[in-house]
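The structure under discussion appears below in the form of structure tokens.
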Amino acid sequence: MEQLRCVIMRGGTSKGVYILKNQLPADPAKRDAVIRAIYGSPDVRQIDGLGGADPLTSKLAIISPSSREDADVDYTFAQVSIDTALVDYKGNCGNISAGVGPFAIDEGLVEAVEPVTTVRIHQTNTGKILVAEVPVKDGRAAVEGDLHIDGVPGTGAKITLDFSDTQGAVTGKLLPTGNPKDIMELGRQKYEVSIVDAGNPVVFIRAKDLGMKGTETPAEIENNRQLMKIIEHIRGLAAEKVGMVESWELAASKSPYVPFFAIVSPPQEYVCYNGLQVKAGEIDIVSRLLFMLRVHKTYPATGTICTGAAARIPGSIVWEVLREEARSRISINIGHPAGIIPVESVAIVENGEIRLKKAAIYRTARRIMEGYVFVRKSVFEEA
């Protein structure tokens with residue numbers, strides 16, 4: 001058995017393994033084989049690894065000193081498929097990003113400065129720079145604090161994540177097609193969508209156009225097999241349109257992580273799957289987001305950033321569905337399956353194009369354990 005030092009952290013509403021790059025093989029095939037072994041994939045229960053049989057806990061952060069002068073650390077994100085032998089590096093996870101700054105501080109990659117340490121993160125999947133402001137106490141990332149985020153019990157220290165540099169994260173453009181709205185054709189049926197790329201690319205669609213109210217629970221959506229087929233077909237067509245896959249049929253196997261797919265509706269009252277009641281007056285838009293062919297049980301941080309960006313684009317589906325008075329506000333509240341998430345965004349027009357000037361969210365993170373994960377020697381030899 002080979003032992004690899006790693007840390008398990010919660011970042012926002014996700015959880016994953018955080019590991020230094022030098023712990024993993026340099027060869028990509030061997031690296032991915034080791035990563036799959038760490039998580040126990042492919043296996044629907046991930047019983048022989050650290051994975052939790054949920055896309056929100058089958059995530060990995062690979063971290064090292066930065067290769068760029070304008071950053072402190074390099075961070076590579078991987079979404080580890082549960083039931084297939086795929087390690088997907090397309091896009092980023094904003095929630096896992098929330099743990100990168102605290103990890104870097106506690107590992108000594110960045111000097112701890114009280115009361116707040118700024119960590120410049122080179123997100124290698126996208127080539128973009130994220131900036132994290134991390135509270136520090138007694139030389140380590142602070143954990144205790146007053147910030148509560150829906151989907152996580154209790155409170156924690158407030159971490160500010162600035163994603164303003166992440167427009168065009170995967171496709172190179174805030175509006176990959178150049179349009180605030182596009183038409184996707186499924187036979188005789190036409191669906192109007194907005195494809196926006198900030199943090200991660202997201203395909204937005206009106207809930208009513210899918211015959212939905214918009215407040216359905218993740219289980220209700222996933223149990224509707226016909227609806228899930230339509231959603232994946234539309235997502236695949238969008239992925240093909242922006243050049244992420246050669247054919248829409250390949251999206252499920254070649255690019256299951258991104259683009260995300262968000263189903264949006266006007267603010268309305270609903271009860272979350274965890275029993276929390278959300279009132280219409282508390283939110284500016286309702287959304288249900290899918291990734292990895294599953295419905296997110298809360299709302300991804302990069303999806304939040306993209307929803308906030310789309311809210312600043314006149315004519316986009318998000319802009320049209322959004323509470324009208326929220327169009328001019330810096331902060332908007334998004335209703336998701338487990339509660340509410342706020343996002344701050346400001347956009348300006350520069351040289352005829354919309355550019356993000358501000359895109360910020362607030363998260364908490366916590367180191368849960370550190371130690372060694374054991375991987376069979378044969379995994380290193382056979383890859």
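Letter 128 of the sequence shown, counting from 1, is numbered 128 in full-length UniProt numbering, and no numbers are missing. Glycine included, every Cβ here is placed at the ideal spot set by N, Cα and C. For clarity, every value in this text was computed on a predicted model and none was experimentally measured.
Which two residues bound the contiguous alpha helix (DSSP H) that contains residue 228?
225–241
Quick one: give me the first and last residue of the alpha helix (DSSP H) that residue 202 is part of.
Counting along the chain, residue 202 falls outside any alpha helix (DSSP H), though it belongs to the beta strand (DSSP E) covering 200–206.
Take residue 165 and list the residues in its own chain whose beta-carbon comes closer than 6 Å to its own, dropping the five residues that flank it on each side.
128 and 129
Should residue 296 be labelled buried (16 or more other beta-carbon atoms within 10 Å of its own) or exposed?
buried
Thinking just about the alpha-carbon of each residue, which of 102, 69 and 44 is nearest to the one in residue 366?
102
When DSSP builds the beta bridges, which residues end up paired with residue 159?
363
Meets three-Cβ-pair contact criterion under 8 Å: the region 61–78 and the region 104–116:
yes
Applying the criterion that 16 or more other CB atoms from any shown protein chain within 10 Å of the CB defines a buried residue, is residue 368 buried or exposed?
exposed
State the DSSP-derived secondary structure class of residue 24, mapped to helix, strand or coil.
coil
Going by CA-CA distance only, name the one from 144, 13, 170 and 247 that's closest to residue 94.
13
Pairwise C-alpha distance: residue 259 and residue 246
14 Å
Count the other C-beta atoms from every protein chain shown that fall within 10 angstroms of the C-beta of residue 349, then say buried if there are 16 or more, exposed otherwise.
exposed
Proximity to residue 155 [Cα-Cα], best of 378, 303 and 364:
364
What are the start and end residues of the alpha helix (DSSP H) that includes residue 254?
251–254
Beta-carbon separation (whole angstroms), residue 342 vs residue 331, contact threshold 8 Å:
6 Å
At 3 residues or longer, and completely inside the region 160–184: list those beta strand (DSSP E) runs for me, N to C.
none
Would you check if there are 3 or more beta carbon pairs closer than 8 Å linking the region 272–281 to the region 199–208?
no
In DSSP terms, what residue 130 is bridged to:
121
Using DSSP with H/G/I as helix, E/B as strand and the rest coil, what is residue 283?
coil
From which residue to which residue does the alpha helix (DSSP H) around residue 106 run?
100–106
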